[in-house]
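Worksheet for the structure shown next.
Numbering (our numbering), first residue to last: 351 to 622.
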């Protein structure tokens, strides 16, 4: 006996679109405040929200909301704010349209919409993983560009007049920014790592690969690494020049003191 495919009208009736919104709230999110609630999935933590919505929470400060109303979203963000360490003055945000079409091939269509055959917790975790990384990369791309704007004049000043009068505190601040950014990208967000859910649902790896390519996660991460390396090398070079200049000054002070002591001794002998 052959199985007939569902009528087109039935498929059209089952089709629906949900909005996925990603937010980067701060440096870190303490998700232990949600672990007492009934979780649909963990790593990352996925919980039900309101009537039809869901939330996926990441320890590196990002949350992704699926199919929630504006009122539910505002209430959730206000509630989760108390769990955020070093909140951002203006949280990063992004959104994507997710079309749920039963029996369809899971992909990103020509309009940039994410097409899923079903809105399961595993699929939401994969979509949320990419959207969370995307909004975090957006934040760091702006931050690194600002650091570039501060470091570039120092290098140009060195090239133009050879000046080595740089403020050590500013240079150490640049190096600190670089180290913290690398720590968050590699240590917490694990930008280049695949989500843990793929260990249990390897059949969804194709969906993850298509989303990762669509948002250029790997390419943008490598570009950021290269920029961070340039910033770090530049700041360290300028810092070495400052230290060398200070060491040279100390040596000249010592020489001056020795010469002064010799002259003083000679003067005493002349007086005698």
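The beta carbon of each residue, even a glycine, is placed where N, CA and C say it ideally should be. Just so it is clear, the structure is predicted and the values come from calculations on it, not from any experiment.
#1: Using only the alpha-carbon positions, how far apart do residue 664 and residue 410 sit?
#2: Quick one: using the 10 Å Cβ neighbour count with 16 as the cut-off for buried, is residue 405 buried or exposed?
#3: Determine the direct distance from the alpha carbon of residue 408 to that of residue 394, and round the result to whole angstroms.
#4: Candidates 604, 399, 412: which alpha carbon is nearest residue 422's?
#5: Give a yes or no on contact between the stretch 446–458 and the stretch 428–436, applying the rule of three or more CB pairs nearer than 8 Å.
#6: State the start and end residues of the unbroken beta strand (DSSP E) segment that holds residue 466.
#7: On a CA-only basis, which of 459, 481, 450 is nearest residue 470? Give me that one, please.
#8: Mind checking whether residue 445 and residue 567 have CB atoms under 8 Å apart?
#9: Give the straight-line distance between the Cα atoms of residue 479 and residue 545, rounded to the nearest whole angstrom.
#10: Check each candidate in 541, 549, 618 and name the one with the smallest Cα separation from residue 472.
#11: On the three-state DSSP scale, how would you describe residue 389?
#12: Mark residue 605 as exposed unless 16 or more other C-beta atoms lie within 10 angstroms of its C-beta, in which case mark it buried.
#13: Assuming residue 429 is part of the alpha helix (DSSP H), what are its boundary residues?
#14: Kindly indicate which residue of 465, 438, 391, 375 has the alpha-carbon position closest to the one of residue 426.
#15: Quick check on DSSP: helix, strand or coil for residue 552?
#16: Could you tell me which residues DSSP puts in a beta bridge with residue 437?
This is what the structure holds:
#1: Residue 664 lies beyond the residue range present for the chain, which begins at 351 and ends at 622; the question has no answer from this structure.
#2: buried
#3: 6 Å
#4: 399
#5: no
#6: 464–466
#7: 450
#8: no
#9: 7 Å
#10: 549
#11: strand
#12: exposed
#13: 420–430
#14: 375
#15: helix
#16: 376
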